[in-house]
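S.K.: Mind having a look at this structure? Questions to follow.
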Amino acid sequence: MNVAQQNILDHYHYPEYQGSLEKPSHTATCKNTTCGDVLTLTLEIKSGIIQKAAFSGEGCAISQAAADLFIEMIIGKHMDSLKEYTKDDIVKLIGLELSPNRLKCALLCLETAQRATKSEI
Amino acid sequence: MTSQFSLKKDFPIFVTRPDLVYLDNAATSLTPSCVLKAMDDYYSSCRGTVTRGVYQISEEATSQYESVRERTAVFLNTKPEQIIFMPGTTHGLNMIASGLRDDIKPHHTIITTALNHHAHFVPWQRLVDPDHFFVCPLTDTLGIDEDFLLTHIDENTFLVALPLISNVTGGRIDAPSLTRKIKDINPRTLIVLDAAQAMLNESVTPEDYSCDFLCFSGHKMYGPTGIGVLWGKTEALSLLEPFVVGGDMITEVTTTHTTYRALPHRLEPGTPNISGVIGLGAAIDYIGNLDLSQLHNHKHGLIAYCFDELQNAFGDDITIFSDPGNITSILSFALKGIHPHDLAGYLDTHNICVRAGNHCAQPLHYEFLGIPATTRISVGAYTTRADIDFFINKTKEARMLYQKPTV
Numbered sequence: 007m008n009v010a011q012q013n014i015l016d017h018y019h020y021p022e023y024q025g026s027l028e029k030p031s032h033t034a035t036c037k038n039t040t041c042g043d044v045l046t047l048t049l050e051i052k053s054g055i056i057q058k059a060a061f062s063g064e065g066c067a068i069s070q071a072a073a074d075l076f077i078e079m080i081i082g083k084h085m086d087s088l089k090e091y092t093k094d095d096i097v098k099l100i101g102l103e104l105s106p107n108r109l110k111c112a113l114l115c116l117e118t119a120q121r122a123t124k125s126e127i
Numbered sequence: 043m044t045s046q047f048s049l050k051k052d053f054p055i056f057v058t059r060p061d062l063v064y065l066d067n068a069a070t071s072l073t074p075s076c077v078l079k080a081m082d083d084y085y086s087s088c089r090g091t092v093t094r095g096v097y098q099i100s101e102e103a104t105s106q107y108e109s110v111r112e113r114t115a116v117f118l119n120t121k122p123e124q125i126i127f128m129p130g131t132t133h134g135l136n137m138i139a140s141g142l143r144d145d146i147k148p149h150h151t152i153i154t155t156a157l158n159h160h161a162h163f164v165p166w167q168r169l170v171d172p173d174h175f176f177v178c179p180l181t182d183t184l185g186i187d188e189d190f191l192l193t194h195i196d197e198n199t200f201l202v203a204l205p206l207i208s209n210v211t212g213g214r215i216d217a218p219s220l221t222r223k224i225k226d227i228n229p230r231t232l233i234v235l236d237a238a239q240a241m242l243n244e245s246v247t248p249e250d251y252s253c254d255f256l257c258f259s260g261h262k263m264y265g266p267t268g269i270g271v272l273w274g275k276t277e278a279l280s281l282l283e284p285f286v287v288g289g290d291m292i293t294e295v296t297t298t299h300t301t302y303r304a305l306p307h308r309l310e311p312g313t314p315n316i317s318g319v320i321g322l323g324a325a326i327d328y329i330g331n332l333d334l335s336q337l338h339n340h341k342h343g344l345i346a347y348c349f350d351e352l353q354n355a356f357g358d359d360i361t362i363f364s365d366p367g368n369i370t371s372i373l374s375f376a377l378k379g380i381h382p383h384d385l386a387g388y389l390d391t392h393n394i395c396v397r398a399g400n401h402c403a404q405p406l407h408y409e410f411l412g413i414p415a416t417t418r419i420s421v422g423a424y425t426t427r428a429d430i431d432f433f434i435n436k437t438k439e440a441r442m443l444y445q446k447p448t449v
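Here it is, written out as structure tokens:
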């Protein structure tokens, strides 16, 4: 197993940001219909800055670990920066070559986060 | 005991990929050389259109095309004019639903089941209001609840949509008995059977069922993609308003009106999938030359073996969503500690193809099994016991890798 694979498994087994914020300002849930992954993100955004974030849901190691890594990356960033992230950023974050179907699992966090920014509670 | 029956030599993909372990036959089957050759011969020797050319290669193509209709009719023990060629099961079911749309009245109800694939669910769901659409639940052994089904049949039941074999559990329904019971209650209720998973698991003869329509796909029975068959009773097919209109299916078009040809051409507009039909004919001939009873026993034996091996390997940590008393060639399961997509991804690194997800059966997974995804394996004529053993061993490895370490 290479370092990237071990990193994914570590984030899958011991996620830092799994859960749900008590008072989120933004939230969204997205599904990956191919494999049944479900991801809910809760965000606390103040003055445009992402202060806190958490994810919950069910899914494969890639989808869950990607969510954990993604949250780690976006905390402290301006919410507008979420619009700028692309597929390539997520692939770089994961560090693994992914087939098109596995890529959908990895990108679920990005889709959910971008949708969450449009859904202020 | 499983037999040594294996037809790998007939399937050229095993020359290109000798290590391939293909366990996704419920999604699509592999293609034997004879089917590829039949389609290639058409393209290289009589590549003309059908039914409308007055030149030799067109007449040859037409003769081959119509010959497949006749061979398909023999295969199903029915009449050629009851065979409609179309792109596949999904298309056929939609042809029926669209063709009957104008016959639906506000009081009508439609009944489907928890085992139905989306293609045999959504076309019916959108024909009636939600309170006129009933989904038959499951029994403890993952069969359909006949009592629920039969108590919901009344004079308003327009249509019942049933699968012959579930694409998730692999369980077969007792179609001859069940369809007769439905017709005994309301002879006018139309019955539509999805035979997509059944064609290589039993001898399908539509007249044995009290059904009005039956659909299947060529690509799940060693034929090419993009071709399938809609079978119907003549009076039932006559009810269908053509889903698509165009060339070749008309007798007369004026600036004020159009009249259609007789069946089956009325429901086959435009230039058809000629090579697909010819390939389907070769697949039917190929299947016809096999010992079908041996083929069925081989596949059912492999799945029964796989069921036992999974149960032995994982005990209480595995839930197999298939009834050991109703085994065909498909089995789905959930294994504690590893998501189906991770398992399928790991197996893929060892050239093992399995399906992970909800297999286009979301109501079954989410609302009846209470699980978002399963791993499905489905075997074919070329699957061997060694393939199953390899799959079991790699599944054990994958689980060791993915399950959370105990502290």
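Residue numbers (this note's numbering), protein chains in the order written: chain L, 7 to 127; chain G, 43 to 449. Beta carbons: idealized from backbone N, C-alpha and C, even for Gly.
1) In the structure shown, what three-state DSSP assignment does residue 138/G receive?
2) If you count every other CB in all the chains shown that lies within 10 Å of the CB of residue 381/G, and 16 or more means buried, which is it?
3) Please state whether the Cβ-Cβ distance between residue 13/L and residue 111/L is less than 8 Å.
4) Apart from the five residues just before and just after residue 116/L, which ones in its own chain have a Cβ nearer than 6 Å to its Cβ?
5) For residue 384/G, return the contacting residues in chain L, with the cut-off set at a CB-CB distance below 9 Å.
6) Under 8 Å, do residue 213/G and residue 364/G count as touching if we go by C-beta distance?
7) How is the beta strand (DSSP E) around residue 274/G delimited, first residue to last?
8) If distances are taken between C-alpha atoms only, which option among 7/L, 15/L and 9/L comes closest to residue 71/L?
9) So that I know if they touch, is there some Cβ in chain G lying closer than 8 Å to that of residue 41/L?
10) Would you mind listing the beta strand (DSSP E) stretches within the region 245–306 of chain G that are 3+ residues and don't spill past its ends, in chain order?
11) Once DSSP output is grouped into helix, strand and coil, what is the label at residue 181/G?
12) Residue 399/G touches chain C at which residues, Cβ-Cβ below 7 Å?
13) Is it the case that the Cβ atoms of residue 228/G and residue 181/G are separated by a distance below 8 Å?
14) Based on the DSSP secondary-structure assignment, which residues constitute the bridge partners of residue 243/G?
15) How close, in whole Å, do the beta carbons of residue 379/G and residue 424/G come, if the pair is a contact with beta carbons under 8 Å?
16) Within the continuous beta strand (DSSP E) that includes residue 128/G, where are the two ends?
17) Distance cutoff 8 Å, beta carbons only. Does residue 150/G sit that close to anything in chain L?
18) Is the Cβ-Cβ distance between residue 269/G and residue 312/G less than 8 Å?
19) If we count Cβ pairs, one from each stretch, closer than 8 Å, do we get three or more for the region 268–286 of chain G versus the region 243–254 of chain G?
20) Under 8 Å between C-beta atoms, does residue 366/G make it to chain L?
21) Going straight from the alpha carbon of residue 397/G to that of residue 361/G, what length do you get?
22) Please compile the residues from chain L whose C-beta is within a distance smaller than 7 Å of the C-beta of residue 16/G.
23) Within 10 angstroms of its Cβ, does residue 401/G collect 16 or more other Cβ (buried), or is it exposed?
24) Could you tell me whether the Cβ atoms of residue 233/G and residue 254/G are closer together than 8 Å?
25) Please go through the same chain and pick out, in chain order, the residues whose beta-carbon is closer than 7 Å to the beta-carbon of residue 163/G, but skip the five residues on each side of it.
26) Once you ignore the five residues that flank residue 278/G on each side, which residues in its own chain have a CB closer than 7 Å to its CB?
27) Run down chain G in chain order and give the residues with a C-beta less than 8 Å from the C-beta of residue 111/L.
28) Can you list, in chain order, the residues of its chain with a C-beta nearer than 6 Å to that of residue 369/G? Leave out the 5 residues immediately preceding and following it.
29) Are residue 86/L and residue 54/L closer than 8 Å when you measure CB to CB?
30) Using a Cβ-Cβ distance cut-off of 8 Å, determine whether residue 262/G contacts chain L.
31) Among the residues of its own chain, which have a CB less than 7 Å from the CB of residue 119/G, if the five just before and after it don't count?
32) Quick check on the burial criterion: 16 or more other C-beta atoms within 10 angstroms. Buried or exposed for residue 77/L?
33) Going by DSSP in three states, residue 43/G sits in which element: helix, strand or coil?
34) Residue 41/G and residue 377/G: beta carbons closer than 8 Å?
35) First and last residue of the alpha helix (DSSP H) that includes residue 396/G?
36) Assess, as a yes-or-no matter, whether the region 164–174 of chain G is touched by the region 129–145 of chain G under the definition of 3 or more beta carbon pairs within less than 8 Å.
M.R.: On the basis of the supplied data:
1) If DSSP states are grouped into helix, strand and coil, residue 138/G belongs with the helices.
2) With 16 or more other CB atoms across the displayed protein chains lying within 10 angstroms of its CB, residue 381/G is buried.
3) Inclusion of residue 13/L and residue 111/L in the CB contact set at 8 Å is not warranted, their separation being larger than that value.
4) Counting only Cβ-Cβ distances below 6 Å, and skipping sequence neighbours, we find 91 and 96.
5) Neighbours of residue 384/G on chain L, chain order: 18, 66, 67 and 68.
6) The answer is yes: Cβ separation under 8 Å.
7) Unbroken beta strand (DSSP E) run through residue 274/G: 270–274.
8) With distances taken between Cα atoms, residue 71/L lies closest to 15/L.
9) Chain G, which has a Cβ nearer than 8 Å to the Cβ of residue 41/L, makes this yes.
10) If only uninterrupted beta strand (DSSP E) runs of at least 3 residues are considered, those enclosed by the region 245–306 of chain G are 255–259, 270–274, 292–295 and 300–302.
11) Here residue 181/G sits in coil by DSSP.
12) Absent here is chain C; the protein component of the structure consists of chains L and G.
13) In this structure, residue 181/G does not lie closer than 8 Å to residue 228/G by Cβ.
14) Beta-bridge pairing by DSSP links residue 243/G to no other residue.
15) Going by Cβ atoms, the distance from residue 379/G to residue 424/G rounds to 31 Å, so no, they are not a contact pair.
16) DSSP places residue 128/G inside the beta strand (DSSP E), whose first and last residues are 125–128.
17) Judged by the 8 Å Cβ criterion, residue 150/G is not in contact with chain L.
18) No. Outside cutoff.
19) Look at the beta carbons and you see the region 268–286 of chain G touching the region 243–254 of chain G: at least three pairs across the two are nearer than 8 Å.
20) No - not a single Cβ of chain L is within 8 Å of the one on residue 366/G.
21) Looking at the two C-alpha atoms, the distance is approximately 16 Å.
22) Only positions 43 to 449 of chain G appear in the structure, and residue 16/G is not among them; the question remains open.
23) Buried.
24) The answer is yes: Cβ separation under 8 Å.
25) Excluding residues within five positions, the ones whose Cβ falls inside 7 Å are 154 and 405.
26) Its chain contains 232, 254 and 255 as the residues whose beta carbon lies nearer than 7 Å to that of residue 278/G, once the 5 sequence neighbours on both sides are disregarded; these appear in chain order.
27) Within chain G, the residues near residue 111/L are 383.
28) If we look at residue 369/G and ignore the five residues flanking it on each side, its Cβ neighbours are 342, 345 and 346.
29) Result yes, Cβ atoms of residue 86/L and residue 54/L sit closer than 8 Å.
30) Not one chain L Cβ lies under 8 Å of residue 262/G.
31) Excluding sequence neighbours, residue 119/G sits near 247 and 249.
32) Looking at its Cβ environment, which holds 16 or more other Cβ atoms inside 10 Å, residue 77/L is buried.
33) Per-residue confidence for residue 43/G stands at a pLDDT of 40, beneath the threshold of 50, marking its modelled position as unreliable; the derived number appears in the next sentence. Here residue 43/G sits in coil by DSSP.
34) Since the first residue of chain G shown is 43 and the last is 449, residue 41/G is not available in this structure.
35) Annotation: residue 396/G is outside any alpha helix (DSSP H) and is labelled neither H nor E by DSSP.
36) The region 129–145 of chain G vs the region 164–174 of chain G: in contact.
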